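Undergrad: So that we are looking at the same thing, I have put the structure below in structure tokens.
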Amino acid sequence: MNKINQKLQEDKKLLSIYFSAGYPSLNDTVPIIENLEKSGVDMIEIGLPFSDPLADGPTIQASSTEALKNGMSTNVLFDQLKDIRKTVSIPLIVMGYFNPILQYGVEAFCKKCQDIGIDGLIIPDLPIDVYNDQYKAIFETYGLINVFLITPQTSVERINFIDSISNGFIYMVSSASVTGSSSGFGDEQTAYFKRIANMKLKNPQIVGFGISNNETFTQATQYAKGAIIGSAFIKFLTNNNLEKIDEFVTNILN
Amino acid sequence: MNKINQKLQEDKKLLSIYFSAGYPSLNDTVPIIENLEKSGVDMIEIGLPFSDPLADGPTIQASSTEALKNGMSTNVLFDQLKDIRKTVSIPLIVMGYFNPILQYGVEAFCKKCQDIGIDGLIIPDLPIDVYNDQYKAIFETYGLINVFLITPQTSVERINFIDSISNGFIYMVSSASVTGSSSGFGDEQTAYFKRIANMKLKNPQIVGFGISNNETFTQATQYAKGAIIGSAFIKFLTNNNLEKIDEFVTNILN
Amino acid sequence: MSYNINDKGYYGEFGGAYIPEMLYPNVEELRQNYLKIMAKPSFKEEFDQLLKDYVGRPSPLYFAKRLSDKYNTRIYLKREDLNHTGAHKVNNTIGQILMAQRLGKSRIIAETGAGQHGVATATVCALMGMECIVYMGEIDIARQAPNVARMKMLGAQVRPALSGSRTLKDATNEAIRDWINNPVDTHYIIGSVVGPHPYPDMVARFQAIVSEEIQWQLKEKEGTSKPDYVVACVGGGSNAAGAFYHYLDDTDVKLIAVEAAGKGVHSGESAATSALGREGIIHGSKTLLMQTNDGQITEPYSISAGLDYPGVGPMHAHLYASGRAEFISITDDEAMVAGLELSKLEGIIPAIESSHAFAVLDQKTFKTDDVVVINLSGRGDKDLQNYIDYFKL
Amino acid sequence: MSYNINDKGYYGEFGGAYIPEMLYPNVEELRQNYLKIMAKPSFKEEFDQLLKDYVGRPSPLYFAKRLSDKYNTRIYLKREDLNHTGAHKVNNTIGQILMAQRLGKSRIIAETGAGQHGVATATVCALMGMECIVYMGEIDIARQAPNVARMKMLGAQVRPALSGSRTLKDATNEAIRDWINNPVDTHYIIGSVVGPHPYPDMVARFQAIVSEEIQWQLKEKEGTSKPDYVVACVGGGSNAAGAFYHYLDDTDVKLIAVEAAGKGVHSGESAATSALGREGIIHGSKTLLMQTNDGQITEPYSISAGLDYPGVGPMHAHLYASGRAEFISITDDEAMVAGLELSKLEGIIPAIESSHAFAVLDQKTFKTDDVVVINLSGRGDKDLQNYIDYFKL
Ligand SMILES: Cc1ncc(COP(=O)(O)O)c(C=O)c1O
Ligand SMILES: Cc1ncc(COP(=O)(O)O)c(C=O)c1O
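The following block contains the structure:
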């Protein structure tokens, strides 16, 4: 069973952390992952940096740009991660835009992920129909879960459809906005969280966008299985040593 | 008999000098006229300064502008000249653009000229037909000779017509160019001078434009009755005291 | 009463050719030939073809809905701003370059204020491969830099006029001087309905295409070729002459000529000729002009280089004296506000000259069903810096 | 083979909608409605009316005699430079603002490179009274100052894109981000035939008026609606798409797409996508783009802000891959020289983007009786400072 599915069966609210590989320094990737697991994080999304990350906010974009400057690339990342499963056992997801993956070759990319022990992919700009028509079989061959997003604007039919083709969790975008932009959830979002919870989807939902502290984590996970933190963690990395990751996670969870 | 006609009967080549009234200093008008007569000049054209002297070159325009700044105006000029005939007996011609004269009132202007003892007018932008239709009678009433211009481009018919309506001299523009622009006469101009001389007009011709020294004065008067110096004299005034006018005139005549 | 020119070259009292003898052959040659040449089918054909394919005519007559709503009347804009080079000026320069060719001229001179006429002249000279010298006041060179650059790109020589107020009036003096110095090979393309006869008439005829088009365009849109009002700004008066031309004798159509009041009609910094001027002679024509008691021509002022002229063409002097047209003066401030308003309401940035015409909307009340045609004589690209500075955008 | 879009939103291999889920409702709403809305008579009527009265269409097809003489062929210029706001861009923004209204949107965003699309968008927003935010690369803001000023005059907010190369690509990223953040009330007016389906097709259809007019105009002038060549520059490719549209399936008509080679195709400072690009995803579309081996999008360079884009629209990717169009790269220097030549020979100062198309005349020999239509996509007013600096005028 895929590590993601195992994790989703645990009877707890899951904390997932996103960071851009190669930031703050090129070789921070592995230490960050290890520190995150040690601090009690449930799942990690490793960002493959892209020059034009149009679904990301300024914080993540800046970290991507920096990572690229540091020398990060698809090959470098795979190389850094080649022994990751010797030390890390929580689910690992690679999150990246489609173009670098396409240039690497989708199948080669998936195979490499499997070799390394990656459990899933999030490719925000890979459309569902293209995935279904061209890539689903490949993902399955290499045992990768593809994670789809929904937003407050996604129609009920489309949510049901996405649920039907998902086999891990649904990435539930808290608000229709790029990462890092809102602070705290309002009535509208809570209503949205409830609405989705009431749909009783077969896939659990993990909330992303706008989660930055214990309060928003608690709000987000009241109705959902877990939550993802991105920009807030990157801001933390900008200002703190890797050894302090522990503190960041502790603050979120308590 | 008008002083101009008298002068034209003298058996000599005539030197006429133009200057802008009120330049270099407001009250230089009378001293300049007196000095010119004393130096042996035959005729004087007193320029009534105008803000937009479009037939004049830069030297005369600059002197006009300066004169206006100094406070020159039609009234001031008339006032300066009111006793001129007590000291000066050579022909005096006022040269000015039509607008200031029109604003003064053409008849009032002519009357005032007669009172003072002005003998003629040169108004470069007063068209012949307008003069004939509207102003000829007035000029005659006040005994003023109106001087017309011809240029190398003026047709034979038009020259004959101008000759027929003139009763003093014809102002023969040496070349079709604004004042102060050429230096020395070439074959073309000499041919033009000869051509006009051969027409045996009833009015003598006085050449203007481009005369600056003894050489050009001699060339111009080879075929014509006289010549007018403007820009060269103004340049002289810019750099010399009025007492030196004598030297200027001597240089031209010898 | 006729509002058009008579066979002596006068509009009522105004007009004529008050020129030095040195210009006589030039002007006379033109006078004798201009109507004959314009009447030739080959001339008409070439003129019309260039207006269509090169200039982009007909310029639209655009119903300005949001502006009409705001002022509660029916406002149409005659879109001379869409012409090649960005103003009505090119209608005239196309006509005159064809005229110059037929007169056998090889060298073209022009004066310019806003630079629009200079650009329009440089443009047609490039088109026809003719030498082009443009005189422009030193002050105008500074405040209309984009147009200076355009003239240079087009291969024209721009010569600064350094005398007087160093604006349009002085550029005109310089151009006339050049013409005096070059009487044989040179044609002087005057940019407005000013100067000695036959210029005012010739330029008005070339610009008359504006009202010719308004007539049929309005017929299409409103079922009648007659608006209630035609409004146009007046520097020398060529765009107004063009917009008024076919309505001159039709007194059902009210004509409004808009002059630049600068910092206020009586501020001493103004170019409101009808309000401040008296009959006199400027640039070879008897007309209204701003002058001292003494007959010295006054230095005008307007924020708009194209209206910064102390006279008006003789047609306009006559329209004023006869009461045929209403003359309204608009200050710098009023014009700028009107220009910004047009930009924000209709997405059209007008030349500051044209903005003066639009400012009339705030000065005068029109009836709900009045059809008001405003001549949008040019676009504001050349004036951007002025707008920016003025509004601190 | 078809050169137009298929019902899945692809031109051959290229196109599609590679968008994050956050954009899905917006794009899907548009996809479901755009053809229906465009087919409505009331839409067509309003579109056509505005193109005529507001934009000034038809834009002339002008026979450039002196240029034709020089290159010994028959050259026609399609005069998109005469459109209101000075380029072809407004054809599309008029169409899209009407689309946005019918989709019930109240807020408009746009990206811009040269500023022409930004101005065209700000213009139609003013016309319709809609809020307008334009994203523009910080570098482009500096090199296209006049257009920035125009947008402000028109009431638009210009927001600098500070990331990446700070040019068009980054402005597009910012605009997409804005759209993600404002999914309900906002319509994103993309300025070229790029972006996710249905944008490339919708923009191409709005620009298709260009070749529609060329057809009947050429018929009038040459007795045939088919030129031998149609030449257009390609940034994203909208003016080329418009000029090619009605000739796509008529292979008698040769199509030439001109890209910006910057300081040389292989200089490292270039925007010659077809020469340097590979298939990939940019701004929601699968197309040719300049990228590293790793799939990072390369920062392009061209002296012309409007061509300074690392991709081309999917239609052009297909025209290139299929060989239907010939692709030619033109350096900065070649373009500048061609721009000056057009100014001096025809009195028309082209946008530097368009100058690239004219530079083809020096690269390729046409037959004496070839009819070559060059799309003069915009006028050079916005580029004067660049021309001045380059030629030290
Ligand atoms: C756009 C525009 N409108 C009006 C004028 C004023 O000229 P006229 O009064 O001859 O139309 C100018 C002069 O340059 C101009 O550029
Ligand atoms: C005048 C002009 N031509 C061409 C372009 C390039 O755009 P496209 O390739 O979409 O026509 C631009 C872009 O701003 C432009 O302003």
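Chains as they are written, first to last, in our numbering: chain X, 12 to 265; chain E, 12 to 265; chain S, -6 to 386; chain Y, -6 to 386. Beta carbons are placed, not taken as given, at the ideal position from N, Cα and C, and that holds for glycine. Since this is a predicted model, take the numbers as computed values, not measurements.
Please check if any C-beta of chain E sits within less than 9 Å of the C-beta of Tyr17 of chain S.
TA: The residue labelled residue 17 of chain S in the question sits at position 24 within the third sequence. Judged by the 9 Å Cβ criterion, Tyr17 of chain S is in contact with chain E.
Undergrad: List, in chain order, every chain X residue whose beta-carbon is nearer than 9 Å to that of Gly299 of chain Y.
TA: What you label residue 299 of chain Y is simply residue 306 of the fourth sequence in a count that begins at 1. Neighbours of Gly299 of chain Y on chain X: none; closest Cβ ~19 Å, over 9 Å.
Undergrad: Would the beta-carbon of Ala107 of chain Y be found less than 8 Å away from any heavy atom of ligand 2?
TA: In the fourth sequence, the residue the question calls residue 107 of chain Y occupies position 114. At least one heavy atom of ligand 2 is nearer than 8 Å to the Cβ of Ala107 of chain Y, so yes.
Undergrad: Using a Cβ-Cβ distance cut-off of 9 Å, determine whether Ala328 of chain Y contacts chain S.
TA: Counted from its first residue, the fourth sequence places residue 328 of chain Y at position 335. Chain S contact via Cβ: absent.
Undergrad: Between the region 140 to 165 of chain X and chain Y, which residues of the former have a C-beta closer than 9 Å to a C-beta of the latter?
TA: Here the close residues are Asp140, Val141, Phe159, Leu160, Ile161, Thr162, Pro163, Gln164, Thr165.
Undergrad: Output needed for Ala168 of chain Y: all residues of its chain with C-beta closer than 7 Å, excluding positions within five of it in sequence on either side, in chain order.
TA: Locating residue 168 of chain Y in the fourth sequence gives position 175, counting from the first residue. Ile102, Ala103, Glu104, Tyr128, Tyr181, listed in sequence order.
Undergrad: Measure the alpha-carbon distance for Ser27 of chain E versus Gly306 of chain S and round it to whole angstroms.
TA: Here residue 27 of chain E refers to the residue found at position 16 when the second sequence is read from its first residue. Here residue 306 of chain S refers to the residue found at position 313 when the third sequence is read from its first residue. If I take the Cα positions, the gap works out to 37 Å.
Undergrad: In the structure shown, what three-state DSSP assignment does Asn286 of chain S receive?
TA: Position 293 of the third sequence, counting from 1, holds the residue named residue 286 of chain S. The answer is coil: DSSP assigns Asn286 of chain S none of H, G, I, E or B.
Undergrad: Helix, strand or coil: which one does DSSP assign to His110 of chain Y?
TA: Reading the fourth sequence from its first residue, position 117 is the one you call residue 110 of chain Y. Looking at His110 of chain Y - three-state DSSP - the assignment turns out to be helix.
Undergrad: How about Pro343 of chain S and Leu354 of chain S: do their beta carbons lie closer than 9 Å?
TA: Reading the third sequence from its first residue, position 350 is the one you call residue 343 of chain S. Reading the third sequence from its first residue, position 361 is the one you call residue 354 of chain S. Going by C-beta atoms, Pro343 of chain S is not nearer than 9 Å to Leu354 of chain S.
Undergrad: Can you find a C-beta in chain E that's less than 9 Å from the C-beta of Tyr11 of chain S?
TA: Locating residue 11 of chain S in the third sequence gives position 18, where the first residue counts as 1. True, the Cβ-Cβ gap to chain E drops below 9 Å.
Undergrad: To which residues of the same chain is Ala243 of chain E closer than 6 Å at the C-beta, ignoring the five residues directly before and after it?
TA: Counted from its first residue, the second sequence places residue 243 of chain E at position 232. Only Ser223 meet the Cβ criterion.
Undergrad: Comparing the CB of His110 of chain S with every heavy atom of ligand 1, is any distance shorter than 8 Å?
TA: For the purposes of this step, residue 110 of chain S is taken as residue 117 along the third sequence, with counting starting at 1. His110 of chain S: yes, Cβ under 8 Å from ligand 1.
Undergrad: Just to confirm, are Gly371 of chain Y and Gly255 of chain Y a CB contact at a threshold of 9 Å?
TA: Looking up residue 371 of chain Y in the fourth sequence gives position 378. Looking up residue 255 of chain Y in the fourth sequence gives position 262. No.
Undergrad: Is the Cβ of Pro176 of chain S closer than 9 Å to any Cβ of chain E?
TA: For the purposes of this step, residue 176 of chain S is identified with residue 183 of the third sequence, where counting begins at 1. Yes, contact with chain E.
Undergrad: Could you give the uninterrupted runs of the beta strand (DSSP E) lying entirely in the region 136 to 201 of chain X, keeping only those of 3 residues or more?
TA: Within the region 136 to 201 of chain X, the complete beta strand (DSSP E) runs of at least 3 residues are 159 to 161, 181 to 184.
Undergrad: Let me confirm a value: Thr261 of chain X is counted as buried when at least 16 other C-beta atoms fall within 10 Å, else exposed. Which label applies?
TA: Residue mapping note: residue 261 of chain X aligns to position 250 of the first sequence, counting from 1. Burial call: exposed.
Undergrad: Given 8 Å as the limit, is there contact between the region 317 to 331 of chain S and the region 22 to 31 of chain S, that is, 3 or more CB pairs closer than that?
TA: At 8 Å Cβ cutoff, the stretches do not touch.
Undergrad: Using a Cβ cut-off of 7 Å, pull out every chain Y residue sitting near Gly277 of chain S, in sequence order please.
TA: Looking up residue 277 of chain S in the third sequence gives position 284. Ordered by position in chain Y, no residue passes the 7 Å Cβ test against Gly277 of chain S, which lies about 28 Å from the chain.
Undergrad: Compute every distance between the C-beta of Glu254 of chain E and the non-hydrogen atoms of ligand 1, then say whether any falls below 8 Å.
TA: Numbered from 1 along the second sequence, position 243 holds the residue referred to as residue 254 of chain E. No; taking the cut-off as 8 Å, the Cβ of Glu254 of chain E has no heavy atom of ligand 1 nearer than that.
Undergrad: Looking at the structure shown, is Gln216 of chain E part of a helix, part of a strand, or coil, going by DSSP?
TA: On the second sequence, position 205 is the one that residue 216 of chain E refers to. In the structure shown, Gln216 of chain E sits in a strand (DSSP, three-state: E or B).
Undergrad: With respect to the alpha helix (DSSP H) encompassing Thr76 of chain E, which residues constitute its N-terminal and C-terminal limits?
TA: Here residue 76 of chain E refers to the residue found at position 65 when the second sequence is read from its first residue. 69 to 81 is the extent of the alpha helix (DSSP H) around Thr76 of chain E.
Undergrad: Per DSSP, what kind of secondary structure is Thr66 of chain Y in: helix, strand or coil?
TA: As a position in the fourth sequence, residue 66 of chain Y is number 73, starting the count at 1. Of the three classes helix, strand and coil, the one that applies to Thr66 of chain Y here is coil, per DSSP.
Undergrad: Who are the Cβ neighbours of Ile156 of chain E in its own chain at under 7 Å, not counting the five residues just before and after it?
TA: By 1-based counting over the second sequence, the position of residue 156 of chain E is 145. Counting only Cβ-Cβ distances below 7 Å, and skipping sequence neighbours, we find Asn13, Ile15, Asp130, Gly131, Asn178, Gly179.
Undergrad: If contacts are defined as beta-carbon pairs under 8 Å, then Leu253 of chain E and Pro42 of chain E qualify, I think. What distance do you get, rounded to the angstrom?
TA: To locate residue 253 of chain E, count along the second sequence from 1; it is residue 242. To locate residue 42 of chain E, count along the second sequence from 1; it is residue 31. Yes, they are in contact, since the Cβ atoms of Leu253 of chain E and Pro42 of chain E sit about 5 Å apart, within 8 Å.
Undergrad: In chain order, what residues of the same chain have a beta carbon less than 7 Å from the beta carbon of Glu339 of chain Y, not counting five sequence neighbours either side?
TA: Against the fourth sequence, residue 339 of chain Y aligns to sequence position 346. Only Ala57, Arg59, Leu60 meet the Cβ criterion.
Undergrad: Closer than 6 Å by C-beta to Asn81 of chain X: which residues in its own chain qualify, once you throw out the five before and the five after it? Chain order, please.
TA: The residue you call residue 81 of chain X lines up with position 70 of the first sequence. Excluding positions up to five away in sequence, the list reads Gly33, Leu37.
Undergrad: Hey, would you say the C-beta of Lys162 of chain S is under 8 Å away from at least one heavy atom of ligand 1?
TA: The residue labelled residue 162 of chain S in the question sits at position 169 within the third sequence. Result no, Cβ not under 8 Å from ligand 1.
Undergrad: Would you kindly work out how many angstroms separate the C-alpha atoms of Leu161 of chain Y and Ile12 of chain Y, rounded to a whole number?
TA: Residue 161 of chain Y sits at position 168 when you count from the first residue of the fourth sequence. Residue 12 of chain Y sits at position 19 when you count from the first residue of the fourth sequence. Leu161 of chain Y and Ile12 of chain Y: Cα-Cα distance of roughly 19 Å.
Undergrad: Taking DSSP as the reference, what is the three-state secondary structure of Leu54 of chain Y?
TA: Along the fourth sequence, read from residue 1 onward, the residue named residue 54 of chain Y stands at position 61. Leu54 of chain Y: strand per DSSP, three-state reduction.
Undergrad: Here's a check: name, in chain order, each residue in its chain whose Cβ is nearer than 7 Å to the Cβ of Asn214 of chain E, leaving out the five neighbours to either side.
TA: As a working note, residue 214 of chain E is residue 203 in the second sequence. Cβ neighbours of Asn214 of chain E beyond the five flanking positions: Asp174, Ser177, Gly179, Phe180, Ile181.
Undergrad: If you reduce the DSSP assignment to three classes, tell me which class Phe359 of chain S lands in.
TA: One-based indexing of the third sequence puts residue 359 of chain S at position 366. In this structure, Phe359 of chain S counts as coil in the three-state DSSP scheme.
Undergrad: What residues in its chain sit with their C-beta under 6 Å from that of Tyr115 of chain X, if we drop five residues either side in the sequence?
TA: For the purposes of this step, residue 115 of chain X is taken as residue 104 along the first sequence, with counting starting at 1. Correct list, in chain order: Thr85.
Undergrad: Note the first and the last residue of the continuous alpha helix (DSSP H) segment covering Thr229 of chain E.
TA: Locating residue 229 of chain E in the second sequence gives position 218, where the first residue counts as 1. First-last of the alpha helix (DSSP H) with Thr229 of chain E: 225 to 234.
Undergrad: Could you check if Thr249 of chain X is buried or exposed, using at least 16 other CB atoms within 10 Å of its CB as the buried criterion?
TA: For this step, residue 249 of chain X is matched to residue 238 along the first sequence. It counts as exposed.
Undergrad: Could you work out which residues of chain Y lie near Leu212 of chain X, taking near to mean beta carbons separated by less than 8 Å?
TA: Against the first sequence, residue 212 of chain X aligns to sequence position 201. Simply none; closest approach about 15 Å.
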